[in-house]
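Before any comments, here is the structure.
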Amino acid sequence: DKFVFYFAPKIIGGDSDCNMFSDLGINKIKDSITLRFENIKRIGSDIAITAYPLK
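Under our numbering, the first residue of the sequence shown carries the number 3, and numbering increases by one thereafter.
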């Protein structure tokens, strides 16, 4: 598996927000997935991070 996260210098939120990881059912740090960052790249004012889960 590979994760690519894109971050923009913006903060939005509201009552109808959904969490992109809510379906994983992970609610405790001890059950979390540890990632290894492979690449961090600036794209204009945004940042893209490529990460892989450690097994």
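From the three backbone atoms N, C-alpha and C, an ideal C-beta is built for every residue, glycine too. Values in this document were obtained by computation on a predicted structure and should not be read as measured data.
Can you tell me whether DSSP reads residue i as helix, strand or coil?
i	result
Leu37	strand
Lys43	strand
Ile31	helix
Asp17	coil
Between which two residues does the beta strand (DSSP E) carrying residue i extend?
i	result
Ala50	48 to 55
Phe7	5 to 9
Just how far apart, CA to CA, sit residue i and residue j?
i	j	result
Ile45	Ile28	30 Å
Pro11	Ile49	9 Å
Lys57	Ser34	12 Å
Asp25	Phe5	15 Å
Let me check understanding here. Comparing Cα to Cα, which of the options lies closest to residue i?
i	options	result
Phe9	Lys43, Cys20, Ile31, Gly15	Lys43
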